[in-house]
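There are 2 protein chains.
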Amino acid sequence: MEGNTKREEILDVAEAMIRNAGFNAFSTRDVASAVGIKSASVHYHFPTKADIGAAVTERYTDRFLKQLGDPGRFKGDPREAVALYVNLFRETLVRDDKLCLCAVLGAEIGGLPLEVGGHTRTFFDRNLAWLKKALTASSKMSAAEANALAVHILAALEGGMILSKALDKEKIFENVATMLKRLCEAVVAPRR
Amino acid sequence: MEGNTKREEILDVAEAMIRNAGFNAFSTRDVASAVGIKSASVHYHFPTKADIGAAVTERYTDRFLKQLGDPGRFKGDPREAVALYVNLFRETLVRDDKLCLCAVLGAEIGGLPLEVGGHTRTFFDRNLAWLKKALTASSKMSAAEANALAVHILAALEGGMILSKALDKEKIFENVATMLKRLCEAVVAPRR
DNA sequence: AGTTATCTACCTAGCGATAGATAGGCACTA
DNA sequence: TAGTGCCTATCTATCGCTAGGTAGATAACT
C-alpha cells in the first residue's frame with residue numbers, strides 16, 4: 062500500500078479488508094502479514110482490533126468530507142451539488158472496486174464494537190448535514206424538503222453501490238445516479 | 062423461535078443472527094445454544110456453515126417472492142405495485158427490527174462462501190425481475206424505463222434500511238418510501 | 001432392524017491479546 | 001566523546017479461548 066508510516070499502512074490494509082468483506086472478516090494477523098510485520102506489532106500501534114476499526118472509520122469520514130469541500134459554495138443549481146456528491150461515490154466504487162466503508166459497517170452494525178458503530182453513525186450524520194446544507198444553499202427548497210432529498214440520495218447511493226458490486230454491473234450505479242438527477246429535478250420544480 | 066422442526070429453528074436463528082451482524086459474526090455454537098442443542102447436532106442438519114448460509118438465503122428469497130405474489134396482476138397504476146413492494150420491505154424492517162438479509166450479505170459479498178454469494182445475487186435478480194414485470198404490466202413504461210426504475214427502487218430501499226437501522230430512525234425509511242412514490246410519478250408522467 | 005436426531009468428547013486451526021526481549025536512534029551529561 | 005537512559009518499533013513465544021468440523025455412542029421412533 063502507499064501509506065507513509067507503518068501505522069497508516071495498517072489503516073490502508075484494514076480499510077480495504079473491511080470494505081471487501083466486513084469488520085468480522087479480517088484478523089490482525091491478516092493485516093500484519095499484508096504490511097510485512099507481525100501481529101504483535103499491529104497491537105503496538107492499535108491496542109485492540111476495535112481501535113483499528115475506529116481509526117479506519119474516523120479517517121475515512123474525515124477524508125470523505127474533506128473531498129466534498131464547503132457545501133455552502135453551491136449557488137443556483139442544486140444539481141451541481143448532487144452531481145459532485147454522486148461523483149465522489151462513483152469514484153469510491155470504481156477506483157477501488159469496493160463499497161463505501163460505512164455501507165459495509167452499517168449493514169453489520171448490530172455486531173460492531175461500540176466505538177466503531179458510533180463512528181459509522183457519525184459518517185451518516187455528517188453526510189446528511191452536508192447534503193442538507195448544499196441543497197438549501199443552492200435552491201429555494203424548504204428545510205424539510207432538503208432533508209427528505211438528502212436522506213434519499215444517501216440511501217440510494219449506498220444501496221446502489223451494494224447492488225452494483227454484488228451483481229458486478231457498473232451500469233447499475235449509473236442507473237441510480239441518473240434517477241437521482243431526475244428526482245432532484247422533480248423536487249426542485251414540482252408539477253404542482 | 063417459532064419454527065416447527067429443529068432444522069427450521071436453526072434457519073430461523075441463523076437468519077436473525079446474520080441479519081443482525083453478518084455472516085461472519087455468528088458461530089454454529091451460537092446457533093446451537095439458541096435452539097437448545099449442541100453444535101455437533103447443527104452439523105448433522107447442515108454439514109458446513111456455508112450450507113446454513115445458503116439454506117437461509119434460499120429460503121429467505123423464496124419466502125420474499127411468494128409474499129410479493131404475481132407481478133402481472135397490477136393493472137393501470139404502477140404506484141400500487143410499488144406501494145406493495147415498499148410495504149414488504151417496511152414490514153421486514155419494522156416487524157423484525159432487522160435489515161433485509163441480502164442487504165447485509167450484499168455488503169460483505171467479498172468474504173462470503175461462493176454458494177452464499179450466489180444465492181444473494183439470485184435474490185437481487187429475482188427482485189429486479191419482479192419489479193420490472195410489475196412496472197411494465199401496470200403502465201406504458203418502456204422496458205428500459207421499467208428497468209431503471211426497478212433498480213433505483215431496490216437500491217433505495219436496501220440503502221434506506223441500512224440508514225434507518227444505523228441511525229435508529231424509522232422516519233428515514235418512510236422518507237425514502239415517500240421519495241420513491243414521487244419518483245415513480247415523475248417517471249410515469251414526465252413533464253416533457 | 002433401520003432410521004433419525006441427538007449427545008459427549010475431541011481435534012486442529014485460528015483468534016485477539018500479552019509478556020518480555022531486542023535493536024536502533026536520540027538526547028542529555030560527566 | 002564516551003556513557004547513560006529513554007523511546008520507538010519491532011520481534012519471538014505464548015496464553016486462554018473459540019472457531020468449524022468429526023467420530024462414535026446413545027436413545028427414540030417406525
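If you're matching them up, the sequences are chains A and B in order. Take the first sequence: its position 86, counting from 1, is numbered 147 in the working numbering, and each next residue is one higher. Take the second sequence: its position 77, counting from 1, is numbered 138 in the working numbering, and each next residue is one higher. Yeah, the Cβ is synthetic: ideal placement off N, Cα and C, and Gly gets one too. Being a predicted model, the structure only gives us computed values, none of them experimental.
Worksheet item: Thinking just about the alpha-carbon of each residue, which of B:153, B:193, B:132 and B:203 is nearest to the one in residue 80 of chain B?
Response: Within the second sequence, the letter at position 19 stands for residue 80 of chain B. Nearest C-alpha to residue 80 of chain B among B:153, B:193, B:132 and B:203: B:153.
Worksheet item: By the criterion of Cβ-Cβ separation under 7 Å, what are the contact partners of residue 143 of chain B in chain A?
Response: The sequence position of residue 143 of chain B within the second sequence is 82, counting from 1. Chain A residues near residue 143 of chain B: none, gap ~13 Å exceeds 7 Å.
Worksheet item: Looking at the structure shown, is residue 169 of chain A part of a helix, part of a strand, or coil, going by DSSP?
Response: Looking up residue 169 of chain A in the first sequence gives position 108. Residue 169 of chain A carries a coil assignment under DSSP once its states are collapsed to helix, strand and coil.
Worksheet item: Does any CB atom of chain B fall closer than 7 Å to the CB of residue 240 of chain A?
Response: To locate residue 240 of chain A, count along the first sequence from 1; it is residue 179. For residue 240 of chain A, the nearest beta carbon of chain B is closer than 7 Å to its own beta carbon.
Worksheet item: What residues in its chain sit with their C-beta under 7 Å from that of residue 183 of chain B, if we drop five residues either side in the sequence?
Response: The residue given as residue 183 of chain B occupies position 122 in the second sequence. Closer than 7 Å at the Cβ level, and outside the excluded window around residue 183 of chain B, lie 122.
Item to complete: Please name the residue, chosen from B:93, B:149 and B:199, that lies closest to residue 238 of chain B on a Cα-to-Cα basis.
Response: Walking along the second sequence from the start, residue 238 of chain B turns up at place 177. Comparing Cα-Cα distances from residue 238 of chain B to each of B:93, B:149 and B:199, the minimum goes to B:149.
Worksheet entry | Whether residue 226 of chain A touches residue 162 of chain A by CB criterion (7 Å) | Position 165 of the first sequence, counted from the first residue, corresponds to residue 226 of chain A. Position 101 of the first sequence, counted from the first residue, corresponds to residue 162 of chain A. Residue 226 of chain A is not a Cβ neighbour of residue 162 of chain A, given a cutoff of 7 Å.
Worksheet item: Going by beta carbon distance, what residues of the same chain come within less than 7 Å of residue 206 of chain A, once the five residues before and after it are set aside?
Response: Taking the first residue of the first sequence as position 1, residue 206 of chain A is located at position 145. 248, listed in sequence order.
Worksheet entry | Within the stretch 81-117 of chain B, ranges of the alpha helix (DSSP H) (whole runs, at least 4 residues) | Runs of the alpha helix (DSSP H) inside the stretch 81-117 of chain B: 89-96 and 100-106.
Discussion item. At the level of alpha carbons, what is the spacing between residue 165 of chain A and residue 194 of chain A?
Written reply: Residue 165 of chain A sits at position 104 when you count from the first residue of the first sequence. Residue 194 of chain A sits at position 133 when you count from the first residue of the first sequence. In a straight line, the C-alpha of residue 165 of chain A is about 26 Å away from that of residue 194 of chain A.
Discussion item. Below 8 Å on the Cβ atoms is my contact criterion, and I expect residue 133 of chain B with residue 190 of chain B to pass it. Report the Cβ-Cβ distance as a whole number of Å.
Written reply: Locating residue 133 of chain B in the second sequence gives position 72, where the first residue counts as 1. Locating residue 190 of chain B in the second sequence gives position 129, where the first residue counts as 1. Not confirmed; about 12 Å, so no contact.
Item to complete: Give the C-beta separation of residue 216 of chain B and residue 221 of chain A to the nearest angstrom, bearing in mind that I take them to be a contact with Cβ-Cβ under 8 Å.
Response: For this step, residue 216 of chain B is matched to residue 155 along the second sequence. For this step, residue 221 of chain A is matched to residue 160 along the first sequence. Sure, about 4 Å apart at Cβ, within 8 Å.
Worksheet item: If you draw a straight line from the C-alpha of residue 192 of chain B to the C-alpha of residue 141 of chain B, how long is it?
Response: Counted from its first residue, the second sequence places residue 192 of chain B at position 131. Counted from its first residue, the second sequence places residue 141 of chain B at position 80. If you take the alpha carbons of residue 192 of chain B and residue 141 of chain B, they lie about 12 Å apart.
Practice prompt. Using the Cα positions of residue 78 of chain A and residue 124 of chain B, report the straight-line distance between them to the nearest angstrom.
Written response: Counting from one through the first sequence, the residue named residue 78 of chain A turns up at place 17. Counting from one through the second sequence, the residue named residue 124 of chain B turns up at place 63. The alpha-carbon atoms of residue 78 of chain A and residue 124 of chain B are separated by roughly 32 Å.
Item to complete: Please classify residue 139 of chain B: is it buried, with 16 or more other beta-carbons within 10 angstroms of its beta-carbon, or exposed?
Response: Locating residue 139 of chain B in the second sequence gives position 78, counting from the first residue. Burial check for residue 139 of chain B: the Cβ neighbour count within 10 Å reaches 16 or more, so the residue is buried.
Worksheet entry | Nearest neighbour of residue 178 of chain A, chosen from A:83, A:127 and A:91 [CA to CA] | Locating residue 178 of chain A in the first sequence gives position 117, counting from the first residue. Out of A:83, A:127 and A:91, A:83 has the C-alpha closest to the C-alpha of residue 178 of chain A.
Practice prompt. Pull up the CB-CB distance for residue 85 of chain A and residue 169 of chain A, whole angstroms please, since I reckon it's below 8 Å.
Written response: Along the first sequence, one-based indexing puts residue 85 of chain A at 24. Along the first sequence, one-based indexing puts residue 169 of chain A at 108. That pair is a contact at about 7 Å.
Discussion item. Using a Cβ-Cβ distance cut-off of 7 Å, determine whether residue 126 of chain A contacts chain B.
Written reply: Within the first sequence, residue 126 of chain A is the residue found at index 65, counting from 1. Among the CB atoms of chain B, none fall inside 7 Å of the CB of residue 126 of chain A.
Fill in: Straight-line gap, residue 242 of chain B to residue 145 of chain B (C-alpha atoms, nearest Å)
Here residue 242 of chain B is taken as the residue at index 181 of the second sequence, counted from 1. Here residue 145 of chain B is taken as the residue at index 84 of the second sequence, counted from 1. Their Cα atoms are separated by approximately 11 Å.
Worksheet item: chain B beta carbons: is any one of them nearer than 7 Å to that of residue 95 of chain A?
Response: The residue labelled residue 95 of chain A in the question sits at position 34 within the first sequence. So, not an interface residue.
Discussion item. Can you check whether the C-beta of residue 165 of chain A is within less than 7 Å of a C-beta belonging to chain B?
Written reply: Within the first sequence, residue 165 of chain A is the residue found at index 104, counting from 1. By this cut-off, residue 165 of chain A is an interface position.
Worksheet item: Thinking C-beta only, is residue 113 of chain A closer than 7 Å to residue 96 of chain A?
Response: Position 35 of the first sequence holds residue 96 of chain A. Position 52 of the first sequence holds residue 113 of chain A. The Cβ atoms of residue 96 of chain A and residue 113 of chain A lie no closer than 7 Å to each other.
Worksheet item: Looking at the unbroken alpha helix (DSSP H) that takes in residue 160 of chain A, where does it start and where does it end?
Response: Residue mapping note: residue 160 of chain A aligns to position 99 of the first sequence, counting from 1. Counting along the chain, residue 160 of chain A falls outside any alpha helix (DSSP H), and DSSP gives it neither H nor E.
Discussion item. Tell me the residue span of the alpha helix (DSSP H) that contains residue 225 of chain B.
Written reply: Position 164 of the second sequence, counted from the first residue, corresponds to residue 225 of chain B. Per DSSP, residue 225 of chain B belongs to the alpha helix (DSSP H) from 204-227.
Worksheet item: Quick one: what's got a C-beta closer than 6 Å to residue 188 of chain A's C-beta in the same chain, skipping five residues either side?
Response: Numbered from its first residue, the first sequence carries residue 188 of chain A at position 127. Non-local C-beta neighbours of residue 188 of chain A in its own chain, meaning closer than 6 Å and more than five positions away in sequence, comprise 215, ordered along the chain.
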